[in-house]
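Residue numbers (the numbering used here), protein chains in the order written: chain A, 22 to 481; chain B, 22 to 481.
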């Protein structure tokens, strides 16, 4: 294909320099999860180059967090802009001493892509933090409603909360789903239900877990079973909300469960959640940390649902290269200042970078491009599944851009073999390979990826 | 004094442009805690300039988080260095795909100032996150010891943790102190005991709280009472550790409780904590988020204690302009990869900036400078306390650089009046004014600060 750079692999993966470098790093910094050590200066666009000189087509993009390619010229320009330099050198306590341009940066950047129905933002530094901040806003709203508008905090509340005791520190819950991933803080981890390695040995809140629908593929051959499965899960959600030992103040869900195995549900399911949460005054939080910023062929994955009313909060991170939550209801701003607060409240340098990313995505119609390329990639993967039905199962993500996945027998082995062919991909769940190309992944990269799959599967 | 720029205040504070700007911002971003809106381009060194053109001597430094001054030339150079540009544009998932220079940046930067007895690091994005990561490492170590080295996780553990249930999600505690501040995540907030505004309405873990010694001032006139008070608190700590309903895996303490009111304790008290934690296998975490990076006249405040053996973990953020924890015991690296992990594991752009800060501090002997200036500032404050004994009480921080504080009747009113004289200072606790000058605060700034105090108190 014209314009397509080919991967180049000259060593075993990881190569000797990568290995030595990771070993050296491991003396001071846990490097056991290092796949290879990277020369980012030599990486470009969709291609990542390791310190041994191997060049990979990157279809994993830093755990789904590279939006517009390595050394993207627009980002290089932004990184050298006066605003970024100033934000790096003069890091403000934004809540107390914001920069004169903070308002403009928000409006010209993140708020330009605020999901429909939202017009306010709170910034953070990670998806985990964004989710916890959203939980806190939901809990404060719940208690504000219970307490009554304008009713002062009682002395008992004020004193007991300093002892981590009721009524000041109440039992309030957030409902999440089986196989979900919402982060690794003590609150977000209590909502994460993906793998033991994320959770073992860490205390957790007694919060409810609902089943996420387990759909059967191909979807068009299992409409009835899948509808029944989603109905069952919705009924369970409502049962949990109405019967839990303490108030369920918020429900958090990923549009596509990513770490947990690329699990999808239908728009009707999410509309059901919207209805149930609205009925019970539960804040509906959509965790778009992995799906946001164009990953699914729309800027926000929840746009695929065409909900009757928007989610209450949308959290983001990863491809945004910064983090936070969007919301519309001003009651989600706590009753007084300093309740939702911290020293930095995000990182303005990263928020300015995010503005450049947003402009790049919008100016170059990268979401539309990714939707289009994703369709072609889907068609190729369908052919692959026909040729290797044992090795490519439950192909999923149709219509969700290039946010595609399938189950296979030995995902980790497949990833290793793909790397030695110069393709960097990732796994999720227990038997799934997930594709997380950047938004600039083009038609010309599809054959490179597919050739590698066919080589590996053909040799299996 | 030669070289000292004078503050300039030409409007009411906040000025009309600040007010209008904050109001506009508040439409989209909670701006109720904004003191004034800043023109960082015009700010320099110790002076912060607002959008109305008012220039303040900044003795609060973004809630104690500016190390070497606004628009510091070394930081400006670092912000434009290839490493920072690369880290901004190509943000890695450090745990999987570290940059070829990550190892060097850590060793030439943060590890150069690793506290004695530590030689390993885990990076994070905020003090809150750093503390929670430290808790998790302590909890995993505790269970590893209980489980036995090399003993595999049981199926029951693996399954139960996904339900937030025992034994996989055990009851494990972290002990913290009354009036402490350790962050606002659900775990760190369970250790924060400072003010209701930080904690109210948020669920908390049932973790123990010990009294922090309440010392009487001046110290040399209350030696006996203060020793008794510290003994009482130490006994309480040991009682809590040995009698709590679940294992206390870690103890976290600030060398000087900052948000909670600038509360000090003696080296003997901290040695007592070291002894008790060592005796009971409790991980001793020193939270140097506010005190680290030279704030107290030593690079790390716990150096003042001359402990018989070092703390197990030291967390940092704020002046470091990045965050994380240091440690020495390799058992604090969890038994397998991916247990202590997240997508970004800190922000390399900020870590490179931190390296520049460290070099600036070391090259210019800024810790020694701050210690020296702090002594003079202390002497002036003692004179002030003699002249205004009703308004300047419990002066504290002697020998701790410029990390000084005193109690006063109406701290918020004092801060307001000081701002209108062009001095930016902050409060803490319920009746305390805290000074948090940068490390470049010089002799020449002392009279400017003292003149303002005298003007305000003289008019009182």
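For each residue, glycine too, the CB sits at the ideal point set by N, CA and C.
Put simply, the CB of residue 254(B) is far from chain A, with every gap to its CB atoms at 8 Å or more. In the same chain as residue 136(A), and ignoring 5 residues on each side of it, the C-beta atoms closer than 6 Å to its own belong to 321, 335, 347, in chain order. Cβ neighbours of residue 33(A) within its own chain (closer than 8 Å, five residues either side excluded): 441. In its chain, beyond the 5 residues on either side, 325, 326, 327 have a beta carbon closer than 7 Å to the beta carbon of residue 288(B). Closer than 8 Å to the CB of residue 334(A) there is not a single CB belonging to chain B. Residue 98(A) is classed as exposed because its beta carbon has fewer than 16 other beta carbons within 10 Å across all chains shown. Boundaries for residue 182(B): no beta strand (DSSP E) harbours it, while the alpha helix (DSSP H) harbouring it runs 176 to 182, taken from the DSSP string.
Look at the stretch 82 to 153 of chain A and you find these whole runs of beta strand (DSSP E), each 3 residues long or longer: 141 to 145. By the neighbour-count definition (other C-beta atoms within 10 Å, threshold 16), residue 374(B) is a buried residue. In the DSSP assignment, residue 292(A) falls within the unbroken alpha helix (DSSP H) covering 288 to 300. Taking the CA atoms as reference points, residue 282(A) sits about 18 Å from residue 250(A). Residue 200(A) sits in coil when the DSSP states are folded into three classes, being neither helix nor strand. If only complete runs of 3 or more residues are kept, the stretch 200 to 285 of chain A shows the beta strand (DSSP E) at 269 to 274, in order along the chain. The contact set of residue 91(B) on chain A, defined by CB atoms closer than 8 Å, consists of 110, 111 in chain order. Relative to the Cα of residue 439(A), the nearest Cα in the group 174(A), 411(A), 113(A), 481(A) belongs to 481(A). Cβ-Cβ separation between residue 380(B) and residue 308(B): approximately 25 Å, too far for a contact (criterion under 8 Å). The alpha-carbon separation between residue 196(A) and residue 402(A) amounts to approximately 35 Å. In this structure residue 72(A) touches residue 60(A) by the C-beta definition: roughly 5 Å separates them, less than 8 Å. For the stretch 52 to 70 of chain B, the beta-carbon criterion of a distance under 8 Å to any beta-carbon of chain A is satisfied by 52, 53, 54, 55, 56, 57, 58, 59, 60, 61, 62, 64, 69.
Residues of chain A whose Cβ lies closer than 8 Å to the Cβ of residue 363(B) are, in chain order, 147, 149, 204, 205. DSSP places residue 366(A) in the coil class of the three-state scheme, outside both helix and strand. One thing to note: residue 305(A) has its Cβ no nearer than 8 Å to the Cβ of residue 340(A). Measuring C-alpha to C-alpha distances from residue 474(A) to each of 235(A), 187(A), 256(A), 409(A) identifies 409(A) as the nearest.
Rounded to whole angstroms, the separation of the alpha carbons of residue 432(A) and residue 476(A) is 15 Å. Here the stretch 256 to 263 of chain A lies against the stretch 291 to 305 of chain A, with 3 or more beta-carbon pairs under 8 Å apart.
Among the residues facing chain B, residue 123(A) is included, as its CB has a counterpart in that chain under 8 Å away. Listed along the chain, the chain B residues whose CB falls inside 7 Å of the CB of residue 184(A) are 230. Per the coordinates, the alpha-carbon of residue 352(A) lies some 42 Å from the alpha-carbon of residue 416(B).
Its Cα nearest to that of residue 479(B), the residue 412(B) stands out among 229(B), 412(B), 418(B). By the Cβ neighbour-count rule, residue 397(A) is exposed, with fewer than 16 other Cβ atoms within 10 Å of its own.
The beta-carbon of residue 152(B) is placed no less than 8 Å from the nearest beta-carbon of chain A.
Excluding the 5 residues flanking it on each side, residue 28(B) has same chain C-beta neighbours closer than 6 Å at 76, 77, 78, 443, in chain order. A contact is defined here as three or more CB-CB pairs under 8 Å, and the stretch 213 to 222 of chain B fails this definition with respect to the stretch 160 to 170 of chain B.
Apart from the 5 residues on each side of it in sequence, residue 395(B) sits with its Cβ closer than 6 Å to the Cβ of 318, 422, 423 in its chain, given in chain order. Annotated three-state conformation of residue 455(A) is strand, per DSSP.
At a C-beta separation below 8 Å, residue 129(A) has no neighbours in chain B, since its nearest C-beta there lies roughly 12 Å away.
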